[in-house]
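*Asks:*
Number of protein chains: 2
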Amino acid sequence: MKFNTKTRYGLRAMVEIARETNNNGIFQKDISERQDISNKYLDHIIYALKVAGLITNVKGKKSGYILTRPADQIRILDINNAFEPGICVIDCIERNYKCDRENTCSAKKFWSGLNNIIADYFQNNTLQDLLEQQMELEKKETANQ
Amino acid sequence: MKFNTKTRYGLRAMVEIARETNNNGIFQKDISERQDISNKYLDHIIYALKVAGLITNVKGKKSGYILTRPADQIRILDINNAFEPGICVIDCIERNYKCDRENTCSAKKFWSGLNNIIADYFQNNTLQDLLEQQMELEKKETANQ
DNA sequence: ATTAATCCTATTGCAAAAGTAGTATAAAAT
DNA sequence: ATTTTATACTACTTTTGCAATAGGATTAAT
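If you read the protein sequences in the order shown, they are chains A and B. Anchor point for the first sequence: position 142 equals 142 in this note's numbering, and the numbering is continuous, going up by one each time. Count along the second sequence from 1, then add 145; that gives the number in this note's numbering.
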C-alpha cells in the first residue's frame, strides 16, 4: 500500500508553485531543480495539474506557473484527483461493482470505513495548510543554522 | 493506492476461522469454497497467517484451523502485518530513510499524518469487531429473505 | 500403503507504474 | 525574421511488484 510518485511529486510541485504565485510564478525547470525531480518526468506532473485546472501560466511560456485559485481553496484531494480517479483502497467499494457477498461482508465495511477516513483527511487538508507548514519548517531550520 | 489481495483475502479468511474456532475449526479448502478464493492461492495466505502466529491447526492436519487467541485480542494490524512489514504509505517516512529535505518538507508531514490515522484505524479495529459485524449482517440478510 | 490435507519454495505471467524520447508549438530575445 | 528557450503533448521503453500457478515434501488418519 503505497502512494504513487505522481501524487507525491505533484504535492511538492504544488507547494513550490503556491509559494511563488505572488511573485510572478515559477518555471518548471526551477521546480525540477529545487525538488530533485527529472525535468522530463515533471512534464507529466505539471501537465496533469494544468489539465486539472489547478495551475496556469497565463502570461506565456516564460511567465512561470501560478495557482488558478487561492491555496486555501485547493484541497489535497484536488491534487490527488489530478492523477487518480479518486480515493479507493479496494475495488469492491466502488459504485457498480458487483459482488454476491456485498451485503454480508464485514470486510467490505472495514475497508469502506478506512476509505472514508482517508478521503476525509484529503478533503480537510488544503494547499494553504501545507504552505504554512512549509514556511514554519523553513524558518525553524534557518534559526538552527 | 490499493491494498493488496493477500491482506484482503487474509481478512476474510480470518473471519471464517474466527467464527468456526469454537466449532472444531475450519479447513482451508472450505474457506476457499466459501470465499471464492483459489485453494492454491489461499495456501500462501494461510501459511503467512500461521507463521505470524495468528492461527493454528493444533490437533493435526485434519482438525481445521482455529485462532491462537481470542478474536478481541487480534487487531487488524496484526493481520496486515502477517503480509506486510507494517503500514507505510510512502518510503520517506520510514526510519533510516535518508533525505536532504527531511526537516523542511511539508509534504512529508502530510504523509506521516496520513500514515498515523491509517495505523490507528488498523490498531483500533479487532477481529472481534469484524466478527460481530459479520453476524449482524447475516442476521439482517436472513430476515430479508 | 494409500489418501487427503497441509507445508513450503520456486517460478511464471502480467499489468501498471516510472521514467525517457521526440516532435510540435509558441512566446520572447536578438 | 530567425534563433532560442521553455512548455505541450504523445508515444514508447523499462522496471517492478503483485497475483497466481506448479510441484514436490510432509504429516496424520484411514
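We treat Cβ as the ideally placed atom computed from N, Cα and C, and that holds for glycine.
Alpha carbons only, please: which of A:Thr126, A:Ile31 and A:Arg69 is nearest the one belonging to Asn80 of chain A?
*Replies:* Selected option, being the one with the closest Cα: A:Thr126.
*Asks:* Among B:Gln279, B:Arg153, B:Arg179 and B:Ala163, which has the Cα closest to the Cα of Ala216 of chain B?
*Replies:* Nearest option by C-alpha distance: B:Ala163.
*Asks:* By alpha-carbon positions, which one of A:Leu77, A:Leu131, A:Cys88 and A:Asn115 ends up nearest to Thr7 of chain A?
*Replies:* Thr7 of chain A has its Cα closest to that of A:Leu77, out of A:Leu77, A:Leu131, A:Cys88 and A:Asn115.
*Asks:* Between which two residues does the alpha helix (DSSP H) carrying Ile17 of chain A extend?
*Replies:* Per DSSP, Ile17 of chain A belongs to the alpha helix (DSSP H) from Thr5 to Glu20.
*Asks:* Please list, in chain order, the chain B residues whose beta carbon lies closer than 8 Å to that of Ala107 of chain A.
*Replies:* Arg153, Leu156, Arg157, Val160 and Leu275, listed in chain order.
*Asks:* At least one CB of chain A closer than 8 Å to the CB of Leu259 of chain B: is that the case?
*Replies:* Yes - at least one Cβ of chain A is within 8 Å of the one on Leu259 of chain B.
*Asks:* Is any heavy atom of the ligand SAH found at a distance shorter than 7 Å from the C-beta of Leu282 of chain B?
*Replies:* For the ligand SAH, the structure offers nothing, since it holds no ligand at all.
*Asks:* Using a Cβ-Cβ cut-off of 8 Å (strictly less than) and excluding sequence neighbours within five positions of Ile263 of chain B, which residues of its own chain qualify?
*Replies:* Excluding residues within five positions, the ones whose Cβ falls inside 8 Å are Ile232 and Val234.
*Asks:* With distances taken between CB atoms, is the gap from Ala107 of chain A to Arg157 of chain B smaller than 8 Å?
*Replies:* Against a cut-off of 8 Å, the Cβ pair of Arg157 of chain B and Ala107 of chain A comes out as a contact.
*Asks:* Anyone know if the C-beta pair for Asn39 of chain A and Lys29 of chain A falls short of 8 Å?
*Replies:* Yes, the Cβ-Cβ distance between Asn39 of chain A and Lys29 of chain A is below 8 Å.
*Asks:* Which residue wins for smallest C-alpha separation from Gly10 of chain A, given the options A:Gly25, A:Thr142 and A:Ala52?
*Replies:* Gly10 of chain A has its Cα closest to that of A:Ala52, out of A:Gly25, A:Thr142 and A:Ala52.
*Asks:* Checking 8 Å against the spacing of the C-beta atoms, do Gly113 of chain A and Ile66 of chain A come in under that value?
*Replies:* No, they are not a contact pair.
*Asks:* Kindly say whether Thr249 of chain B, judged by its beta-carbon, lies nearer than 8 Å to any beta-carbon of chain A.
*Replies:* Interface residue, yes.
*Asks:* Kindly indicate if chain B contains any beta-carbon less than 8 Å away from that of Gln73 of chain A.
*Replies:* Not closer than 8 Å to any Cβ of chain B, the Cβ of Gln73 of chain A fails to qualify, so no.
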